[in-house]
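See structure below.
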Amino acid sequence: MGNNTEFERAVRWLSENLTFDVDARINLFECNIRVLGGLISAHILATDSTNRLVQGSYKNQLLNLAEDLGRRFLPAFATPTGLPYAWINLKVTLDTNLQLYVLCVNYGACAVR
Numbered sequence: 001m002g003n004n005t006e007f008e009r010a011v012r013w014l015s016e017n018l019t020f021d022v023d024a025r026i027n028l029f030e031c032n033i034r035v036l037g038g039l040i041s042a043h044i045l046a047t048d049s050t051n052r053l054v055q056g057s058y059k060n061q062l063l064n065l066a067e068d069l070g071r072r073f074l075p076a077f078a079t080p081t082g083l084p085y086a087w088i089n090l091k092v093t094l095d096t097n098l099q100l101y102v103l104c105v106n107y108g109a110c111a112v113r
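Following full-length UniProt numbering, the numbering of the sequence shown begins with 1 at its first residue and continues without gaps.
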C-alpha cells in the first residue's frame, strides 16, 4: 500500500521485541498459518525489489524470526506416525543437528492441511 515508513517501523519493533522463547502451549496449525506465514509473507514484501524498504535497514530480521519459530515447530513432527501434534510448547526445541530441510517438507505438509 506504499506505507513503507510504518512497515519499516513495525519490522524494527518486531526484531527488537519479539521472542518465541516462552513457556507457552500453542496450536501448531493456527500459529503456522498466522504467525509463521505472516513473517514469511512480510519478509517477501520487505525484500521485493519494487517495494524495497525506504532506508534499506532490512537485514532479514523477519526471516530470522520465522526460522526460529519454525525450528520450535519441529518437535511437533517427532511422532510415531509423522503426523504433527496439534499443540506444542514453544520452549521445547530439538537439537540443532536436525536439518532445516525437514522443516520445509513438514511446513509444506502442514500448510496444505
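Even glycine gets a Cβ: it sits at the ideal position worked out from N, Cα and C. Model, not experiment: these values are computed from the prediction.
Spatial distance of residue i from residue j (CA atoms)
i           : j          : result
residue 73  : residue 88 : 7 Å
residue 179 : residue 60 : There is simply no residue 179 to check, as the chain begins at 1 and stops at 113 in what is shown.
residue 83  : residue 32 : 15 Å
residue 44  : residue 37 : 11 Å
residue 26  : residue 85 : 11 Å
residue 76  : residue 16 : 27 Å
residue 8   : residue 14 : 10 Å
residue 18  : residue 34 : 15 Å
residue 30  : residue 50 : 30 Å
residue 71  : residue 3  : 31 Å
residue 92  : residue 48 : 33 Å
residue 24  : residue 64 : 20 Å
Residue i: first and last residue of the uninterrupted alpha helix (DSSP H) it sits in
i           : result
residue 44  : 37-47
residue 116 : Residue 116 is absent from the structure shown; the chain starts at 1 and stops at 113.
residue 3   : First-last for residue 3: undefined, no H or E at that position.
residue 29  : 28-31
Within 8 Å, strictly: CB atoms of residue i and residue j
i          : j          : result
residue 69 : residue 39 : yes
Residue environment, residue i, which counts as buried when at least 16 other CB atoms sit within 10 Å
i          : result
residue 80 : exposed
Inter-residue CB distance, residue i and residue j (contact presumed, cutoff 8 Å)
i          : j          : result
residue 58 : residue 46 : 5 Å
residue 62 : residue 42 : 5 Å
residue 22 : residue 90 : 6 Å
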